Amino acid sequence: MSSTPREGRDPSARVYAPDFLTDLFRNPLDPGYADAATRRRQAPPSGLRRWAARPVTVVVVVAIGFLFSVAYRETMAEEPGRAKARAGLIAEIKQRESETDRLTARAEQLREEVSRQRDAALSGSQASRLRNLEAGTGLARVRGDGVVVRLADGAEDKDAVTGADAGPSRVLYSDLQKVANALWAAGAEAVAINGQRLTATSTIRSAGEAILVDYRPVTGPYEVAAIGPGSMRDRFDDSRAASLMREVARSTGLSFGVKEAEDLTLPAAPQPRLRYAEPSVSPSPSPSGSGAAGKTSPGPSGSGTSPSPSGGGR
Numbered sequence: 058m059s060s061t062p063r064e065g066r067d068p069s070a071r072v073y074a075p076d077f078l079t080d081l082f083r084n085p086l087d088p089g090y091a092d093a094a095t096r097r098r099q100a101p102p103s104g105l106r107r108w109a110a111r112p113v114t115v116v117v118v119v120a121i122g123f124l125f126s127v128a129y130r131e132t133m134a135e136e137p138g139r140a141k142a143r144a145g146l147i148a149e150i151k152q153r154e155s156e157t158d159r160l161t162a163r164a165e166q167l168r169e170e171v172s173r174q175r176d177a178a179l180s181g182s183q184a185s186r187l188r189n190l191e192a193g194t195g196l197a198r199v200r201g202d203g204v205v206v207r208l209a210d211g212a213e214d215k216d217a218v219t220g221a222d223a224g225p226s227r228v229l230y231s232d233l234q235k236v237a238n239a240l241w242a243a244g245a246e247a248v249a250i251n252g253q254r255l256t257a258t259s260t261i262r263s264a265g266e267a268i269l270v271d272y273r274p275v276t277g278p279y280e281v282a283a284i285g286p287g288s289m290r291d292r293f294d295d296s297r298a299a300s301l302m303r304e305v306a307r308s309t310g311l312s313f314g315v316k317e318a319e320d321l322t323l324p325a326a327p328q329p330r331l332r333y334a335e336p337s338v339s340p341s342p343s344p345s346g347s348g349a350a351g352k353t354s355p356g357p358s359g360s361g362t363s364p365s366p367s368g369g370g371r
């Protein structure tokens, strides 16, 4: 048994089996389809078979059309109800908003009337001191020169592959927190976000995609107005919050701008809900000197200090 040496073979005579992907691109149609077409050409179906298949096709088409028509009628029948419910909700929201605006204006009028009556009852120095305290705590309207920081959502960027948002191009509640705290640190005496005055108990939170300032929704573009000394603009520009927001604006397309403003008017904050302390029920103290050794009664200041109100920044 002899064999031809490998060295003597012609390389051009070699036969390579195509790989799966090459064969798939060359012959995308499954061989079974070609075989079925060949069989139909060789033995075409009889006229009786073709005639019997037509009613079945017609019945299937009619059934599918009937199902589509029923689904369309059901959808159109429910649409007026949904549209009516949506219109009712929109009308109720607008009515509540107008009622809230009316009550807010009425509350402002009553507040001004109370202020006039109080100033008439108090002496000049006492009324002036009270007005200064109200302005400092946010319970009175203030006017002055200051700074306005404007933030606005950027264009929605979509990832080319996944279609998801490419970056945080929306203004977050934490952005407003950073800006407000930086303005306080820069020397602001009064701060408001879209007309909502900030006090020592104000909150800036989010509920879903909405931003709430003192549980009241605010929408973009957001304007954080602050009244303070002339150096407030420079001190805010040098703050870490301003540097971070400028970097976010460059990377995501979010709009961030700072400008000086003259004769700003910031409204008063809503009246806070007053809370009163009540003495706790405790057993009667023992007569002096009858206590056991090592037990002493607390001094006037108690055993600890009461927590200070949250804020300072907001």
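Counting from 58, one number per residue, gives the positions in the sequence shown under the numbering used here. The beta-carbon is built from N, C-alpha and C at its ideal position, and this holds for glycine as well. Note that the structure is predicted; figures quoted are calculated from it, not measured.
inquiry  = Pop quiz: Val199 and Ile284 are said to be a contact at Cβ under 8 Å. What is the actual Cβ separation, rounded to whole angstroms?
reply    = 6 Å
task = Quick one: grab the DSSP three-state call for Asp320.
result = strand
message = With a threshold of 8 Å on Cβ separation, who are the neighbours of Val305 within its own chain once the five nearest residues in sequence on each side are excluded?
response = Pro225, Asp232, Leu311, Phe313
request  = Please report the Cβ distance between Met289 and Val204, rounded to the nearest whole angstrom; I am assuming they are in contact, meaning their Cβ atoms lie under 8 Å.
outcome  = 6 Å
ask   = For the alpha helix (DSSP H) that contains Ala257, what are its first and last residues?
value = It is not in any alpha helix (DSSP H) - Ala257 carries neither H nor E in the DSSP assignment.
ask   = Since Ala184 and Arg175 are thought to touch, with beta carbons under 8 Å apart, how far apart are those beta carbons, to the nearest angstrom?
value = 7 Å
Proximity of Ala243 and Ser296 at Cβ, strictly below 8 Å = yes
request  = Compute the distance between the beta-carbons of Leu196 and Ala325, then report whether it is under 8 Å.
outcome  = yes
inquiry  = Just to check my reading of the structure: Ile250 and Val275 have Cβ atoms closer than 8 Å, yes? What is that Cβ distance to the nearest angstrom?
reply    = 6 Å
Identity of the residue in Leu255, Phe125, Gly201 nearest Glu319 by Cα = Gly201
task = Measure how close the beta-carbons of Ser263 and Asp271 come, nearest whole angstrom, since I'm counting them as under 8 Å.
result = Actually they do not touch by this definition, with Cβ atoms about 13 Å apart.
ask   = Where does the unbroken beta strand (DSSP E) through Asp210 begin, and where does it stop?
value = Looking at the DSSP string, Asp210 is not in any beta strand (DSSP E), and its letter there is neither H nor E.
ask   = Where are the alpha helix (DSSP H) runs, 4 residues long or more, that stay fully inside the stretch 272-308, in chain order?
value = 289-294
ask   = Excluding five sequence neighbours on each side, which residues of the same chain lie with their C-beta closer than 8 Å to the C-beta of Arg292?
value = Ala242, Ala243, Gly244
ask   = Using the beta-carbon count (16 or more within 10 Å), is Thr388 buried or exposed?
value = Limits of the chain in this structure are 58 at one end and 371 at the other, which puts residue 388 out of reach.
task = Measure from the alpha carbon of Thr194 to the alpha carbon of each residue in Glu246, Tyr230, Arg163, Ala93, then state which is nearest.
result = Glu246
request  = In the DSSP assignment, find the alpha helix (DSSP H) that holds Ala326 and state where it starts and stops.
outcome  = Premise fails: Ala326 is in no alpha helix (DSSP H) and is neither H nor E.
request  = Hey, could you find the ends of the alpha helix (DSSP H) Leu311 is sitting in?
outcome  = Run containing Leu311: none; DSSP gives neither H nor E here.
query = From Gln234 to Ile268, what distance separates their C-alpha atoms?
reply = 11 Å
request  = With DSSP as the reference, label Val338 as helix, strand or coil.
outcome  = coil
message = Taking a contact to mean a Cβ-Cβ separation below 8 Å, would you say Ala239 touches Ala282 in this structure?
response = no
query = Measuring CB to CB, does Arg207 end up less than 8 Å from Glu266?
reply = no
task = Locate the alpha helix (DSSP H) running through Leu190, then write down its first and last residues.
result = 181-194
query = Ends of the alpha helix (DSSP H) at Ala267?
reply = Unbroken run through Ala267 is the beta strand (DSSP E), 267-270; no alpha helix (DSSP H).
ask   = Exposed or buried, which one is Val248 when buried takes at least 16 other CB atoms within 10 Å?
value = buried
request  = State the Cα-Cα distance for the pair Ile150 and Gly181, rounded to the nearest angstrom.
outcome  = 45 Å
request  = Identify whether Arg98 lies in helix, strand or coil by the three-state DSSP scheme.
outcome  = helix
task = Name the residue from Arg307, Glu191, Val315 whose alpha carbon lies nearest to the alpha carbon of Leu323.
result = Glu191
request  = Leaving aside the five residues before and after Arg254 along the sequence, list all residues of the same chain whose C-beta is less than 8 Å from its C-beta, in chain order.
outcome  = Gly195, Ala247, Val248, Leu323, Pro324, Ala325, Ala326
key: Inter-residue Cα distance where the pair is Phe123 and Glu156   = 50 Å
ask   = How would you write the range of the beta strand (DSSP E) that Ala249 sits in, first residue to last?
value = 247-250
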